[in-house]
Each structure stands twice: as C-alpha cells, then as structure tokens.
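For reference, the structure is listed below as structure tokens.
Residue numbers (the working numbering): 148 to 391.
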C-alpha cells in the first residue's frame, strides 16, 4: 500500500543492529505474518502531518481502508491512525473513520499511539466530547482484546476526569474477562488486564479517594488488583501513595 512512502524513514539502527531490531520487534509483539519496518514514531507523525498538508491524507486513508484485510505492515496501520487524527474532519466524519480503523488494531502500540494521538479532542467543545464518549462506550463490551483496550486507553487519555470516572469504573466493573478473546490465543486478555491496571493507577494519582473506594469494593478480579498495585508502585507519581 504505502510501503514506498515509509521506506526512506526506516531507522538505520533497525537495519544494521540485530539486537536493537529484535528488541524493537519483541516490544511491539506483532501477530504472526505482520512485518515491522522499523520506523520511529516521531518520523511517522511528521510524515502523517506532511501527507495531510499536501492533501494526500484522505487518499492514503482510503487506500489503506480498501486493503484493510491484507495490511501486513505494522507501520501502515500506525500511519492510518495518525492520519485520521490529523485530517480536518467534522466529528461525525472522524468517528466514521474511527469505526473503520478500530477493528484493525492488532497490537498495543497501534492502539495506544492512536488513542494518545487524538489531540484534536483536547480543546473540543463539551458536546463534541460527549459525542465521542458515547461512540467509545460500546467498545467496553467488545469480545476482541484490542477493541476493549481501545476503550480503556482512550478513556485514560481523554476522559479520566471527575465527570467520567464513575462511569469508567462502572464499565470496568462489568468487563467479562473470560469472554474477551486474546489476539494471541492466551487464556486471559493480557493487554486488557494491563490497560485496566494502568488506568486505575493513573486514576489513583488524579482522583485518589474514588480510586481507592473502587479498588476496595471487591468489584475487580484479584489478578487485576495485583496488577493495579504493581503499576502504582512502578509509577513515580504514585509509588509513595497507598493504593487502598
């Protein structure tokens, strides 16, 4: 699809240093059959910005969307998400693009970059934020690991506030972990588990009392609470805070 556009930006270290290359691949953990080219995120963001500026953003997204079943290069999906977040679109148009893209998310890096990259939402009006929130919430009930992670990480990035925290905790309470299908065929959806723990640890810093009440409520499985405590201890912001 857009491999020719990406190739000039491949990291020299990725090409020439085997240890670095294998470490990079191991961190991303691509699904079988997915190729890692080895681009750095800042370079991809700059390229996405340039494609939009040159009026090639829509055509690139439409090309990727039309071949969505056969995309086998990790960075193409990364670029797809980055361009959607940079296109000058109405909220309805952008969410339609989201709807096409989200089912194609196949690892944590694509998911988390896409979520954190939605800077257009930062200064959005209240009605726009609520429209996006209502678009987001059905993904909490998905049975696909990275769709649920999308809901969690997008909430962490953009809705972890007093207005939404109780609703977020309610959705977490009702997650059916045993029904969420791991993309890697694992018994438990690891990337959902870690997203919940990360969200709760971040909420501990922002809204400690509400988070502690939720952690003490017995509404989260024990393995999630253990991960939450671990994430809280790992963070410089919360390592000295009591998680309970």
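Backbone N, C-alpha and C define an ideal beta-carbon position, used for all residues, glycine too.
Between the C-alpha atoms of residue i and residue j, what's the straight-line distance to the nearest angstrom?
| i | j | result |
| --- | --- | --- |
| residue 254 | residue 175 | 7 Å |
| residue 269 | residue 169 | 35 Å |
| residue 184 | residue 149 | 12 Å |
| residue 339 | residue 379 | 17 Å |
| residue 284 | residue 210 | 28 Å |
| residue 332 | residue 213 | 27 Å |
| residue 361 | residue 275 | 28 Å |
| residue 352 | residue 151 | 44 Å |
| residue 391 | residue 314 | 20 Å |
| residue 466 | residue 366 | As displayed, the chain neither begins before 148 nor continues past 391, which places residue 466 out of reach and without an answer. |
| residue 225 | residue 246 | 15 Å |
| residue 237 | residue 273 | 15 Å |
| residue 325 | residue 288 | 12 Å |
| residue 244 | residue 193 | 20 Å |
| residue 206 | residue 227 | 11 Å |
| residue 341 | residue 374 | 7 Å |
| residue 345 | residue 385 | 11 Å |
| residue 278 | residue 266 | 16 Å |
| residue 389 | residue 320 | 21 Å |
| residue 318 | residue 159 | 43 Å |
| residue 322 | residue 371 | 11 Å |
| residue 164 | residue 363 | 47 Å |
| residue 334 | residue 173 | 20 Å |
| residue 377 | residue 271 | 34 Å |
| residue 177 | residue 204 | 25 Å |
| residue 248 | residue 223 | 12 Å |
| residue 242 | residue 217 | 23 Å |
Give the secondary structure of residue i by DSSP, where H, G and I count as helix, E and B as strand, and everything else as coil.
| i | result |
| --- | --- |
| residue 172 | helix |
| residue 257 | helix |
| residue 149 | coil |
| residue 184 | coil |
| residue 157 | strand |
| residue 252 | coil |
| residue 327 | coil |
| residue 312 | helix |
| residue 218 | coil |
Thinking C-beta only, is residue j closer than 7 Å to residue i?
| i | j | result |
| --- | --- | --- |
| residue 156 | residue 190 | yes |
| residue 290 | residue 328 | yes |
| residue 348 | residue 302 | no |
| residue 196 | residue 251 | no |
| residue 292 | residue 336 | yes |
| residue 330 | residue 262 | no |
So residue i and residue j are in contact, right, with Cβ under 8 Å, and what is the actual spacing, rounded?
| i | j | result |
| --- | --- | --- |
| residue 232 | residue 264 | 5 Å |
| residue 219 | residue 180 | 6 Å |
| residue 208 | residue 188 | Contact doesn't hold; Cβ gap of about 18 Å is too wide. |
| residue 199 | residue 234 | 6 Å |
I'd like to confirm something about residue i: is its beta-carbon nearer than 6 Å to some heavy atom of the ligand HEM, or not?
| i | result |
| --- | --- |
| residue 226 | Judged by which ligands are present, the structure shown has none, so any question about the ligand HEM falls away. |
**Asked** Do the stretch 304–314 and the stretch 351–364 touch if we need at least three Cβ pairs shorter than 8 Å?
**Response** yes
**Message:** Any contact between the stretch 243–258 and the stretch 283–301? By contact I mean 3 or more CB pairs, one from each, below 8 Å.
**Reply:** yes
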